[in-house]
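Counting from 1 along the sequence shown, just add 32 to a position and that's the residue number in my numbering.
Using N, Cα and C, we set each Cβ at its ideal position, and we do this for glycine too.
Predicted, not measured: the structure shown is a model, and the values here were computed from it.
For reference, the structure is listed below as structure tokens.
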Amino acid sequence: MNVSEIIRRAIEIGRPDGKITFDELNELCDSRVLDPKDIDRFLNALSEAGIWIEGD
Numbered sequence: 033m034n035v036s037e038i039i040r041r042a043i044e045i046g047r048p049d050g051k052i053t054f055d056e057l058n059e060l061c062d063s064r065v066l067d068p069k070d071i072d073r074f075l076n077a078l079s080e081a082g083i084w085i086e087g088d
């Protein structure tokens, strides 16, 4: 899964209640190592969508 797809899925998961957990994010990333630019892009997209990352 590419970074754009990970972002899309994370927003889809988080949209109903405005949050996504670290476990859900880890599952989406599937042990993939993200580039710092990708992480920044990912966090910005979640923020723009009004989605918070919640600890488990």
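Residue i - DSSP class collapsed to helix/strand/coil
| i | result |
| --- | --- |
| Ile39 | helix |
| Ile45 | helix |
| Ile52 | strand |
| Ile71 | helix |
Between the CA atoms of residue j and residue i - distance to the nearest angstrom
| i | j | result |
| --- | --- | --- |
| Asp67 | Cys61 | 12 Å |
| Lys69 | Pro48 | 27 Å |
| Ile39 | Lys51 | 13 Å |
Contact under 8 Å by Cβ, residue i with residue j
| i | j | result |
| --- | --- | --- |
| Ala77 | Ile43 | yes |
8 Å CB neighbourhood of residue i in its chain, flanking five on each side removed
| i | result |
| --- | --- |
| Gly82 | Gly50 |
Sequence-distant residues of the same chain with beta carbon closer than 6 Å to residue i, five excluded per side
| i | result |
| --- | --- |
| Met33 | none |
Residues near residue i in its chain [Cβ-Cβ closer than 7 Å; skip 5 each side]
| i | result |
| --- | --- |
| Trp84 | Gly50 and Lys51 |
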